[in-house]
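Student:
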Amino acid sequence: MRTYDFDFFVIGGGSGGVRAARMAGQRGARVGLAEAAELGGTCVNVGCIPKKLYSYAAGYAEAFEEAAGYGWQMAEAPRFDWAHLKAQRAREIGRLNGVYGTLLKNAGVQLITGWAQLIDAHTVEVDGQRHTARHILIATGGTPFVPELPGREHVVTSDAMFDLDPFPKRLMVVGGGYIACEFASIFRGLGAAVTQVHRRAHVLTGFDDDVRQFLASEMGKAGVDLVLSAEVESVRRTEKGLDVMLSRGRQHEVDTVLFATGRVPNTEGLCLEAAGVALDDRGAIAVDAHYRTSVPSIFAVGDVSTSAPLTPVALAEAMVVVDSLFGDRRRRMDYEFIPTAVFTHPNIGTCGYSESDARAKFGKVDVYCSDFKALRHTLSGRNERTFMKLVVDKASDRVVGLHMVGADAGEIVQGFAVAMRAGATKALFDSTIGIHPTAAEEFVTMRDASAV
Ligand SMILES: Cc1cc2nc3c(=O)[nH]c(=O)nc-3n(C[C@H](O)[C@H](O)[C@H](O)COP(=O)(O)OP(=O)(O)OC[C@H]3O[C@@H](n4cnc5c(N)ncnc54)[C@H](O)[C@@H]3O)c2cc1C
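For what it's worth, this note's numbering labels the leading residue of the sequence shown as 1408, then goes sequentially.
1. Measuring straight from C-alpha to C-alpha, what distance separates Ala1540 and Val1451?
2. Measuring alpha carbon to alpha carbon, tell me which of Val1634, Arg1854 and Leu1510 ends up nearest Ile1432.
3. Taking just the CA atoms, how far does Tyr1411 sit from Phe1590?
4. By a C-beta neighbour count over all protein chains shown, 10 Å radius and 16 as the cutoff for buried, is Gly1505 buried or exposed?
5. Can Cys1455 be considered in contact with ligand 1, in the sense that its beta carbon sits closer than 7 Å to one or more heavy atoms?
6. Say whether the region 1770–1782 touches the region 1800–1816, bearing in mind that this needs 3 or more beta-carbon pairs closer than 8 Å, one atom from each stretch.
7. Is the Cβ-Cβ distance between Glu1638 and Leu1653 less than 8 Å?
8. Go ahead and pull the three-state DSSP assignment for Thr1645.
9. Assuming Phe1552 contacts Thr1449 under a Cβ cut-off of 8 Å, what Cβ separation, rounded to an integer in Å, is found between them?
10. Rounded to whole angstroms, what's the CA-CA distance from Thr1550 to Glu1675? Just pull it up for me.
11. Whole alpha helix (DSSP H) runs in the region 1559–1624 with 4 or more residues, listed along the chain?
12. Is any heavy atom of ligand 1 found at a distance shorter than 7 Å from the C-beta of Asn1673?
13. Span of the beta strand (DSSP E) holding Pro1485?
14. Is Ile1418 near ligand 1, judged by its Cβ being under 7 Å from some heavy atom?
15. Would DSSP call Val1664 helix, strand or coil?
16. In or out: Ile1692 buried (at least 16 other Cβ within 10 Å) or exposed?
17. Identify the continuous beta strand (DSSP E) that holds Tyr1775 and give its terminal residues.
18. Comparing C-alpha positions only, which one of Val1642, Ile1586 and Pro1844 sits nearest to Gly1555?
19. Enumerate in chain order the residues of its own chain whose CB-to-CB distance from Val1729 is below 6 Å, with the five nearest sequence positions on each side excluded.
20. Hey, would you say the C-beta of Thr1663 is under 7 Å away from at least one heavy atom of ligand 1?
21. Any heavy atom of ligand 1 closer than 7 Å to the beta-carbon of Glu1818?
22. Using a Cβ-based criterion (distance less than 7 Å to any ligand heavy atom), does Asp1815 qualify as near ligand 1?
23. Rounded to whole angstroms, how far is the Cβ of Ser1750 from the Cβ of Lys1458, which I believe are closer than 8 Å?
24. Which first and last residues belong to the alpha helix (DSSP H) in which Glu1469 is found?
25. Between the C-alpha atoms of Phe1574 and Gly1419, what's the straight-line distance to the nearest angstrom?
26. If Gly1447 sits next to Gly1421, beta carbons under 8 Å apart, how far is it from one beta carbon to the other, in whole angstroms?
27. Given 8 Å as the limit, is there contact between the region 1697–1709 and the region 1611–1626, that is, 3 or more CB pairs closer than that?
28. Figure out for me which residue from Gly1521, Asn1754, Arg1670 and Met1853 has the closest Cα to the Cα of Gly1596.
29. Could you pull out every unbroken beta strand (DSSP E) segment of at least 3 residues lying fully inside the region 1716–1800, listed in chain order?
30. What residue does the alpha helix (DSSP H) around Phe1836 start on, and which one ends it?
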């Protein structure tokens, strides 16, 4: 029988790769992991974690404003120190990089620093050194996509946003997905004048329509200038900054232009063709329900292959692979009722189907909506509102969509996601006692379905 240097070789030390390597190592497999940059991947270095830290930073601006309504007097207006925030973030991310290294080491994983490429179905090369493995996992993630346009060299992507120097007093965010909305909202909170440009009529394609409109209105109230149905035609550097020409003849002068116009799977430079690994029509690595690629010994998980590019999904897919290769369970991942949050101000939390998707899938649905001023804002002076929505399959009474725009929506929706996966009905929601006084209790007290 052929022998290999490793039982399992992982390419990419991000969310999916580290989880898979670590768990396989803990189960006694001989594991190698190649990472070209810092451990932790997108989520730790330029995604979820730094983004959430900056979202907290933006939240303090709101808290300072609101404090006066609760009797707090400030001797001086608070000042924001961008350099301090960046240094604090870098320190914490450095700590996390180290934690990931320790986790791998403790699981007996051999970390190989460098760019990996495939040589054949069982061989990977990193910086001229070849390693053979019985199984290979590709977990190389994704990378921002910026369309061709005149002046493309002057724009930045989300990767650069955490370390901008100086702070962009005038920021243009191009795009309408969750990353674009989050950066627009966060940098507005930190004090930038923000214009968000999106080519469609509404932001957040794929989210519930009411949520999309409500969030856009709240972001507008917070001062984000949302320019919809418009595209960037060119970007020109001038003495005063960047001159951006939009499709409808509008011209803007800003300091920084962020293109958050989607992400593409990281497949370039991997020499996939050398091993015969096929791509699907999205340019992602094609996998079956067990994350096996067109080459039986090679697997792929996370943003490089998935249809749900989120950290918890990459982790869950990695566990499916490890369980089937080094455990006793061969199972499939269920992609229904994956909860997600958008860390705009206010947050979005959502689980299950939008109203329109639910109508398409289930036919008749009941819809319950609530739009109110949270108790906190009765004294805070802020005119922010909270929105909640339930979508119920009429035939089964099952709650199939749950959506919220409001403070801590992500924290609130996580718990409801468990109930929804367990098949909770509207009757069960109604029989659940609320926690008073909270915003979350509204989800168990909505009684009147909207007239359709
Ligand atoms: C701005 C932003 C905010 C986000 N916020 C959230 C959020 O709030 N919640 C959430 O769930 N998700 C969020 N995401 C998405 C999340 O970061 C990704 O879904 C997740 O990181 C995917 O994990 P992964 O393992 O597939 O890839 P990654 O984490 O991207 O890791 C891939 C790793 O592979 C390495 N690599 C690539 N090619 C090679 C090679 N050939 N050789 C060696 N190493 C290689 C890369 O350097 C990288 O470290 C966000 C993403 C962005 C960009």
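In this text, a Cβ means the ideal position worked out from N, Cα and C, and glycines have one as well.
Note that the structure is a prediction, hence the values are computed from the model and not measured.
Tutor: Walking through what the data contain:
1. Your numbering for residue 1540 matches position 133 in the sequence shown. Your numbering for residue 1451 matches position 44 in the sequence shown. When rounded, the separation of the alpha-carbon atoms in Ala1540 and Val1451 is 27 Å.
2. On the sequence shown, residue 1432 is found 25 positions in, with the first residue counted as 1. The question names Ile, but residue 1432 is Gly in the sequence shown. Checked all of Val1634, Arg1854 and Leu1510; the closest Cα to Gly1432 is Leu1510.
3. Here residue 1590 refers to the residue found at position 183 when the sequence shown is read from its first residue. Here residue 1411 refers to the residue found at position 4 when the sequence shown is read from its first residue. Roughly 45 Å separates the two Cα atoms.
4. As a working note, residue 1505 is residue 98 in the sequence shown. It is exposed - the Cβ of Gly1505 has fewer than 16 other Cβ atoms within 10 Å.
5. Indexing the sequence shown from 1 puts residue 1455 at position 48. Inclusion of Cys1455 in the 7 Å shell around ligand 1 follows from its C-beta lying nearer than that to a non-hydrogen atom of the ligand.
6. Contact holds: three or more Cβ-Cβ distances are below 8 Å.
7. As a working note, residue 1638 is residue 231 in the sequence shown. As a working note, residue 1653 is residue 246 in the sequence shown. Annotated as proximal: Glu1638 and Leu1653, with beta-carbon spacing under 8 Å.
8. As a first step, residue 1645 must be located in the sequence shown, where it is residue number 238. Strand.
9. The sequence position of residue 1552 within the sequence shown is 145, counting from 1. The sequence position of residue 1449 within the sequence shown is 42, counting from 1. In this structure Phe1552 is not in contact with Thr1449, their Cβ atoms being roughly 14 Å apart against a cut-off of 8 Å.
10. Walking along the sequence shown from the start, residue 1550 turns up at place 143. Walking along the sequence shown from the start, residue 1675 turns up at place 268. One C-alpha to the other measures close to 10 Å.
11. Taking 4 residues as the minimum length, the alpha helix (DSSP H) runs contained wholly in the region 1559–1624 are 1565–1568 and 1585–1596, in order along the chain.
12. Here the question's residue 1673 lines up with position 266 in the sequence shown. Within the cutoff, so yes.
13. As a working mapping, residue 1485 is identified with position 78 in the sequence shown. Where Pro1485 is concerned, there is no enclosing beta strand (DSSP E), given that its DSSP letter is neither H nor E.
14. For the purposes of this step, residue 1418 is taken as the residue at position 11 of the sequence shown. Yes; taking the cut-off as 7 Å, the Cβ of Ile1418 has a heavy atom of ligand 1 nearer than that.
15. Along the sequence shown, read from residue 1 onward, the residue named residue 1664 stands at position 257. Correct three-state label for Val1664: strand.
16. The count along the sequence shown starts at 1 and reaches residue 1692 at position 285. Answer is buried; the Cβ neighbour count reaches 16.
17. Residue 1775 sits at position 368 when you count from the first residue of the sequence shown. Residues Val1772 to Phe1779.
18. Along the sequence shown, one-based indexing puts residue 1555 at 148. Before going further, note that residue 1555 is Glu rather than Gly in the sequence given. Shortest Cα-Cα distance from Glu1555 to any of Val1642, Ile1586 and Pro1844 involves Val1642.
19. Residue numbering aside, residue 1729 sits at position 322 when the sequence shown is read from its first letter. Contacts found: Ala1427, Met1430 and Ala1431.
20. On the sequence shown, residue 1663 is found 256 positions in, with the first residue counted as 1. Thr1663 Cβ: outside cutoff for every heavy atom of ligand 1.
21. Numbered from 1 along the sequence shown, position 411 holds the residue referred to as residue 1818. No, ligand 1 has no heavy atom inside 7 Å of this Cβ.
22. By 1-based counting over the sequence shown, the position of residue 1815 is 408. Every heavy atom of ligand 1 is 7 Å or more from the Cβ of Asp1815, so no.
23. Counted from its first residue, the sequence shown places residue 1750 at position 343. Counted from its first residue, the sequence shown places residue 1458 at position 51. Note on residue identity: the sequence assigns Phe, not Ser, to residue 1750. That belief holds up - the Cβ atoms of Phe1750 and Lys1458 are roughly 6 Å apart, short of 8 Å.
24. Counted from its first residue, the sequence shown places residue 1469 at position 62. First-last of the alpha helix (DSSP H) with Glu1469: Cys1455 to Ala1474.
25. Here residue 1574 refers to the residue found at position 167 of the sequence shown. Here residue 1419 refers to the residue found at position 12 of the sequence shown. When only Cα atoms are considered, Phe1574 and Gly1419 end up about 31 Å apart.
26. Position 40 of the sequence shown, counting from 1, holds the residue named residue 1447. Position 14 of the sequence shown, counting from 1, holds the residue named residue 1421. That belief holds up - the Cβ atoms of Gly1447 and Gly1421 are roughly 7 Å apart, short of 8 Å.
27. Proximity of the region 1697–1709 to the region 1611–1626 falls short of the contact definition, fewer than three beta-carbon pairs being nearer than 8 Å.
28. If you number the sequence shown from 1, residue 1596 lands on position 189. For Gly1596, the nearest C-alpha among the options comes from Asn1754.
29. Segments of the beta strand (DSSP E) lying fully in the region 1716–1800: 1747–1749, 1755–1759, 1772–1779 and 1793–1800.
30. The residue labelled residue 1836 in the question sits at position 429 within the sequence shown. Counting along the chain, the alpha helix (DSSP H) containing Phe1836 begins and ends at Lys1833 to Ser1838.
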